[in-house]
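Count along the sequence shown from 1, add 828, and you get the number used in our numbering.
Every residue, glycine too, gets a C-beta built ideally from N, C-alpha and C.
Note that this is a predicted model, so its numbers are computed, not measured.
Single-structure report; data block below.
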Amino acid sequence: MFSKLLIGLAILIAILLIVGIIGGYLVSAPRYSGPVTDHFDGKTFRNLNGQEAKGFREAIAWTISRKQMPWEDYRNGQPATPPPARVTGKDVRVTFVNHSTVLMQFDGLNVLTDPVWYTRTSPFQWVGPKRHTAPGVSLNDLPKIDIILLSHNHWDHLDIGTFKTLCQRDQPKVYCTLGVKTFLEEQGCQNISEMDWNQSIAYNSSTKVHCVPAQHFSGRGLFDRNATLWAGFVIQSAVAGNVYFAGDSGYGAFFKQIGQQFGPLRLALIPIGAYKPEWFMSPIHCSPAEAVQIHQDVRSEHSIGIHFGTFALADDGENEPVNELNEALRQKGLSLENFRTLKEGGSTLIP
């Protein structure tokens, strides 16, 4: 009897393993194919300084030893006032939707970063990290989007259902990283420019988009790890100045180079969450203290914290990123007004 149970358990495990492998294959994104560079070996991308995301063994060790700090239960929150249709002149209006999804409005343009309205950051909406707060702006309340900046293809940055809706509704110009264009086009999205680090593309006569390095990794399934690129973006506007979206990144020396090339920046969107435990997360996610250093490195006049408070992706608690950000600013004698965080749906006008 006992041996039959063991055999049955072994069969069940084998079936689950096979299903997992097949599922991991089916959700994997297409691989990029192109010339070898200093960050692409012909098959996979890598970071500039040799820092890489931890592997399977370290992930298992972290999972076993996790010490997740508190997060509140799901909350709907109050619906935010819908953003204006356009912002003209020299004003820059920033609306924090959630996680790394931010609406920037300036010079008559509406720019959206890493759109995510998913309930879970997962291939399946019945399993995986679940949001703890509703998006601060309803998808239907978004004004017409002119530009989407897509930093990489992780599930918490690329919600393909939302992406397809926006592409069909607004037909925006999409700027993404190398290799992601094929996946988006397979999903029916058009008007896409994929970019390599240090590449620039003019949007119009007064606005240019620059792709800049980040320190992270990519992949949507089991068989596409680092098969596409990750990056940040600088939008250079002759009217509004330079605005920077850092994407998802650990700390690296390249931030100073971005500051030297594009600073002073009018605005920077800098990640502050999902950084604990640091032995596991630091190659791919900066801490709040490192975010403050990035703020200084890129010579940002006004920064907004992103990548926090929506999904419990690491061991830091819901309020830790904001609390540690404010403490790091105090320790460096910097104003809390120059590096702020917003509630979901909250907005601010950059002076």
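- In this chain, the alpha helix (DSSP H) harbouring residue 1157 covers 1148-1159.
- For residue 1117, the secondary structure class from DSSP, reduced to helix, strand or coil, is helix.
- Looking only at 910, 937, 918, the smallest Cα-Cα distance to residue 925 is reached by 910.
- Fewer than three beta-carbon pairs drawn from the region 1117-1131 and the region 869-888 are found closer than 8 Å, and the two stretches are therefore not classed as touching.
- For residue 1028, the beta-bridge partners assigned by DSSP are 1038.
- Assignment of beta-bridge partners to residue 1004 by DSSP yields 1022.
- Each residue's CA atom was taken as its position, placing residue 1165 and residue 921 some 15 Å apart.
- Put simply, of 1178, 974, 1040 the residue whose alpha carbon is nearest the alpha carbon of residue 1130 is 1178.
- Excluding five sequence positions before and after residue 1031, the CB atoms of its chain that fall closer than 7 Å to its own CB belong to 975, 1001, 1037, given in chain order.
- In this structure, the alpha-carbon of residue 1092 lies about 29 Å from that of residue 972.
- Of all C-beta pairs linking the region 1016-1035 to the region 881-892, fewer than three are shorter than 8 Å, placing the two stretches out of contact.
- 8 Å or more divides the Cβ of residue 1057 from the Cβ of residue 941.
- Two segments are said to touch when three or more pairs of C-beta atoms, one from each, lie closer than 8 Å; by this definition the region 979-986 touches the region 1071-1086.
- Counting only residues of its own chain and dropping the five nearest sequence neighbours on each side, residue 984 has a CB closer than 7 Å to the CB of 927, 944, 949, 1139, 1141.
- Judged by their CB atoms, residue 1081 and residue 877 are nearer to each other than the 8 Å cut-off.
- Following the DSSP letters along the chain, one finds residue 1061 inside the beta strand (DSSP E) bounded by residues 1060-1065.
- From the listed residues 1065, 1052, 1061, the smallest Cα separation to residue 860 is found for 1052.
- Under the three-state reduction of DSSP output, residue 1089 falls in the helix class.
- When the five nearest sequence neighbours on each side are left out, the beta carbons in the same chain lying within less than 6 Å of the beta carbon of residue 1017 are those of 995, in order along the chain.
- The beta-carbon separation of residue 1113 and residue 1078, rounded to 6 Å, stays under the 8 Å limit for a contact.
- Distance from the Cα of residue 1042 is smallest, within the candidate group 858, 857, 879, 863, for 879.
- Distance from the CA atom of residue 1066 to the CA atom of residue 1088, rounded to whole angstroms, is 18 Å.
- Taken atom to atom, the span from the alpha-carbon of residue 893 to that of residue 1103 is near 15 Å.
- Here DSSP, grouped into helix, strand and coil, assigns residue 1112 to coil.
- For residue 892, the uninterrupted alpha helix (DSSP H) segment begins and ends at 884-893.
- With a 10 Å radius around the Cβ and a threshold of 16 neighbouring Cβ atoms, residue 1054 comes out buried.
- Per DSSP, the beta bridge partners of residue 1069 are 1065.
- For residue 941, the enclosing beta strand (DSSP E) begins and ends at 937-941.
- Closest in C-alpha terms to residue 1155, from the list 1027, 1172, 1116, 1125, comes 1116.
- When rounded, the separation of the alpha-carbon atoms in residue 934 and residue 889 is 45 Å.
- For residue 1133, the number of other beta carbons within 10 angstroms of its own is at least 16, and it is reported as buried.
- In the DSSP annotation of this structure, residue 964 is not part of any alpha helix (DSSP H), being labelled neither H nor E.
- For the 8 Å CB-CB criterion, residue 1145 and residue 898 form a contact.
- Between the C-alpha atoms of residue 1126 and residue 1094 there is a straight-line separation of about 10 Å.
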